[in-house]
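In this note's numbering, the protein residues as written are 325 to 414. All residues carry an ideal CB built from backbone N, CA and C; glycine is no exception. These notes concern the structure reproduced below.
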């Protein structure tokens, strides 16, 4: 975040990582706003999605751990299904 917040040139460069990215933020977070994420974070990635956790502020993982875990689980399931395939290979 320092690169984005302080204007370091690396913060404006597209990421070399091209895989899926999940950005979670608390919907009531006064610091990491929807505008900040949409303007400075997700544009750096080719496959980024941002999810706002309702009822959470800056510490969404502590304030709404179940909702955060649910979002991560859904993201990982979609990612694995899309990029690796479903289920173990036997």
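Beta-carbon proximity list for residue i, same chain, < 8 Å, skipping 5 on both sides
i, result
"residue 396", "346 and 348"
"residue 365", "328, 347, 372 and 374"
"residue 381", "350, 352, 353, 354 and 387"
"residue 362", "374"
In DSSP terms, what residue i is bridged to
i, result
"residue 363", "BP columns for residue 363 are empty, so no partner."
"residue 343", "The partner list for residue 343 (beta bridge, DSSP) is empty, contrary to what the question assumes."
"residue 376", "349"
"residue 371", "344"
Rounded separation between residue i and residue j - CA only
i, j, result
"residue 344", "residue 367", "13 Å"
"residue 360", "residue 354", "10 Å"
"residue 414", "residue 352", "Caution applies to residue 414, whose pLDDT of 49 falls short of 50 and renders its modelled position unreliable; the model cannot decide the point."
Own chain partners of residue i with C-beta closer than 6 Å, once the 5 adjacent residues on each side are dropped
i, result
"residue 399", "346"
"residue 369", "339 and 345"
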